[in-house]
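Just so you know, we're using our numbering here: the sequence shown kicks off at 4 and counts up by one.
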Amino acid sequence: MAEAIVKLLREKGYEAYLVGGCVRDRLLNRGIVDFDVVTSAGPKEVTALFAGAKTVGARFGVVRVPDGNSFVEVATYRTDHAYRDGRRPSSVMFSVSAEEDVRRRDFTINGMLLDPFSGEVFDYVGGRADLDNRLIRTIGSPDRRFQEDHLRMLRAVRFAARLSFGIESETLQVIQAHARDISRISPERVRGELSRILTEGGARRGFELLDASGLLLHILPEVAAMQGVRQPPQFHPEGDVWTHTLMMIEGLTEPSATLAWGTLFHDVGKPDTFTETDRIRFNGHVERGVEIADRICRRLRFSNAETKRIAALVANHMKFMEVNRMRPAKLKRFLWQPHFDEHLELHRQDCLASHGSLANYEFARGKLDDLDREQSAPPPPLITGNDLKKAGYAPGPLFGEILSSVQEEHLNGRLTTKGAAMQFVLERFEPSG
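And the structure:
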């Protein structure tokens, strides 16, 4: 679709090229996800040419052209005026030069143009050399580029991590000098970049660079606090909490964002609960970790559903130590909790990044396989709140206790019918009506 857009624009007398990440990734022989086109045509001309095209940044000259379930962004050549908020230009001026356009972009490796028909690359900013040298370098002054948009500091880390590139020395020094400015960026934008660092590949490298650049301390001080927190060597021969966590996020393969964040936070309560008497202990670190994870998620504006899912990963990660001692009903409830595949993978990485024993992982996975063969979901409840009301029980806290007790007996196989369940309730709980 992107090539068809370039072709039509040229047929109408405009200049048009592929630009940015799609050019970079083609030159690196990587898969291309998003295509961007830059053109001398104005946004009105672009929207008039393509059915369903919508202007998404009128004053910035950006139009989205539908491409199946996705879209191609088509942007008009422009130059940017002063950035006053560290996020966006106060105004732009459409230009007639492709070279002017690329010189206002972020990094040299993202500033190349490609003629998709001849294969010719137009490189006004040294992007090819930096690709060859595997370097992330700003176009022009790094101080100016990062003052224009502070989020570019995080983007530098993300590209370096994903591509296994280094960050050019002056570029890194300027990030270190301005790291505190990242706090001026909206939490949603910061969260988006961090999620991509955690899930696009190179997560360990990404967090090592976040630390080296000084950004980590200003974004996730609770994670930075893991550094130097010693662990009992008999359980964690790999080293401190920071090293253990880096090894875990490194081990994840194409994780969901919630699994990646849950893995990052699973031991976030340890720095606050460290004690050393007879040996190093972290009593209450799970409960403290849930509190901290919840606080960070709300600070970064995760949805309530995502926050709950991430906090559950932190809350349950130590329960795998008990799986082979759990009563059948408790084990079934544990295995049937939502998104258990994420819990299982977090536990596997926890083991691999420490003592190396997967005994509890294999036990839980085996029991889960048995359950899937027998019954793929929890059985429907034998009785409901309506049944309790009809039997004379008043709604209130007692309802939960009764229904939980019935479920326990049901999952353990001691209650199998509604009649037996009601008899159990009447024998053990006094009606309130």
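Cβ atoms here follow ideal geometry from the backbone N, Cα and C, with glycine treated the same way. Just so you know, these numbers come straight off a predicted model, no measurement behind them.
Is it right to say residue i is buried, meaning 16 or more other beta carbons lie within 10 angstroms of its own, or is it exposed?
i	result
Ser94	With a pLDDT of only 48 at Ser94, under 50, the local geometry of the prediction cannot be trusted, and the value read off the model is given with reservation. By the 10 Å Cβ count, Ser94 comes out exposed.
Ser121	exposed
Phe238	exposed
Gln234	buried
Gly292	buried
Ala180	exposed
Met1	Absent from the structure is residue 1, since the part of the chain shown begins at 4 and ends at 436.
Met229	buried
Pro382	exposed
Lys393	exposed
Glu279	exposed
Glu196	buried
Lys273	buried
Glu75	Here residue 75 turns out to be Val, not Glu, going by the sequence shown. By the 10 Å Cβ count, Val75 comes out buried.
Thr1	Because residue 1 is not part of the residues shown, which for the chain are 4 to 436, the question remains open.
Ser451	Nothing about residue 451 can be read from this structure; the chain reaches only from 4 to 436.
His84	Unreliable positioning characterises His84 in this predicted model, as indicated by a pLDDT of 49, which lies under 50. A coordinate reading is not provided.
Mapping DSSP to helix, strand and coil, what is residue i?
i	result
Asp70	strand
Phe125	strand
Arg27	helix
Arg33	coil
Phe53	coil
Thr58	strand
Thr419	coil
Val428	helix
Arg233	coil
Glu6	helix
Glu257	coil
Arg187	helix
Thr111	helix
Arg81	strand
Lys15	coil
Thr266	helix
Phe76	Note that residue 76 is Glu in the sequence shown, not Phe. In the structure shown, Glu76 sits in a strand (DSSP, three-state: E or B).
Ile386	coil
Gly169	strand
Ile139	strand
Taking the alpha carbon of residue i as the point to measure from, which residue in the options has its own alpha carbon closest?
i	options	result
Gly169	Ile185, Ser408 and Ile112	Ile112
Leu116	Glu102, Arg107 and Gln179	Glu102
Ser306	Leu267, Arg194 and Val9	Arg194
Asp337	Ala227, Ala318 and Leu355	Strictly speaking, residue 337 in this sequence is Phe, with Asp absent from that position. Here the closest residue by C-alpha is Ala318.
Ser186	Met156, Ala5 and Glu365	Met156
Ala19	Asp28, Ser43 and Asn32	Ser43
Glu191	Leu303, Cys25, Ala356 and Ala54	Leu303
Val232	Gly254, Phe277 and Leu267	Phe277
Pro331	Leu30, Glu225 and Glu412	Glu412
Glu211	Arg199, Ala164 and Val244	Ala164
Arg33	Asp70, Leu166 and Val68	Leu166
Pro384	Leu418, Ile222 and Cys25	Leu418
Leu249	Ile283, Gly205, Ser216 and Asp281	Gly205
Leu201	Gly254, Val160, Asp184 and Ala263	Ala263
Gly422	Pro398, Pro400, Glu203 and Asp390	Asp390
Cys25	Leu175, Phe268 and Pro119	Pro119
Glu48	Leu11, Glu151 and Ile283	Leu11
Met329	Asn363, Phe343 and Ser357	Asn363
Ala78	Ile295, Asn72, Val65 and Ser172	Val65
I need the boundaries of the beta strand (DSSP E) containing residue i, first residue and last residue.
i	result
Leu21	Ala19 to Val22
Please list the terminal residues of the continuous alpha helix (DSSP H) segment that includes residue i.
i	result
Thr42	First-last for Thr42: Asp39 to Thr42, but that is the beta strand (DSSP E), not the alpha helix (DSSP H).
His181	Ser172 to His181
Leu212	Ala206 to Ser216
Met251	Val244 to Gly254
Asn136	Gly130 to Asn136
Phe149	Pro145 to Glu151
Ala164	Leu154 to Leu166
Asp118	From DSSP, Asp118 is part of no alpha helix (DSSP H); its letter is neither H nor E.
Glu103	Ala101 to Val105
Leu361	Counting along the chain, Leu361 falls outside any alpha helix (DSSP H), and DSSP gives it neither H nor E.
Pro240	Per DSSP, Pro240 belongs to no alpha helix (DSSP H) and is neither H nor E.
Gly403	Pro400 to Leu414
His350	Phe343 to Leu355
Ala225	In the sequence as displayed, the identity of residue 225 is Glu instead of Ala. Unbroken alpha helix (DSSP H) run through Glu225: Pro224 to Ala227.
With a threshold of 6 Å, establish whether the CB of residue i neighbours any heavy atom of the ligand COA.
i	result
Leu223	For the ligand COA, the structure offers nothing, since it holds no ligand at all.
*Go through the region 269-295 residue by residue and report every complete run of the beta strand (DSSP E) that reaches 3 residues or more, in order.*
none
*In chain order, which continuous runs of the alpha helix (DSSP H) of length 4 or greater are located wholly inside the region 300-340?*
307-319 and 331-338
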